[in-house]
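In the working numbering, the protein residues as written are 4 to 70.
Here a beta-carbon is modelled for each residue, glycine too, at the ideal position from N, C-alpha and C.
Okay, so here's the structure we're looking at.
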């Protein structure tokens with residue numbers, strides 16, 4: 004439920020991409036230094052090293068789980 008948009012002044016940097024068949028898993032480093040993982044469909048390929056704007060899609064209810 005994390006959406007990514009290429010944005011040179013975005014809030015995160017793509018540091019890795021993992022192809023997982025039906026989807027891509029991106030590892031992002033937020034400007035705060037925290038690491039975030041986000042999925043996209045397999046046809047959407049964003050370049051490692053790109054700055055992106057990462058935001059939560061709030062079109063529906065989300066459940067939060069503690070680690």
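In DSSP terms, what residue i is bridged to
i, result
"residue 15", "33 and 55"
"residue 45", "Residue 45 is not bridged to any residue."
"residue 5", "59"
"residue 2", "Any question about residue 2 goes unanswered here, given that the chain covers just 4 to 70."
"residue 20", "29"
Cβ-Cβ separation, residue j to residue i (assumed contact under 8 Å), whole Å
i, j, result
"residue 57", "residue 31", "6 Å"
Own chain residues within Cβ distance below 6 Å of residue i, not counting five before or after
i, result
"residue 50", "none"
"residue 92", "Here the chain comprises residues numbered 4 to 70, so residue 92 is not present and cannot be evaluated."
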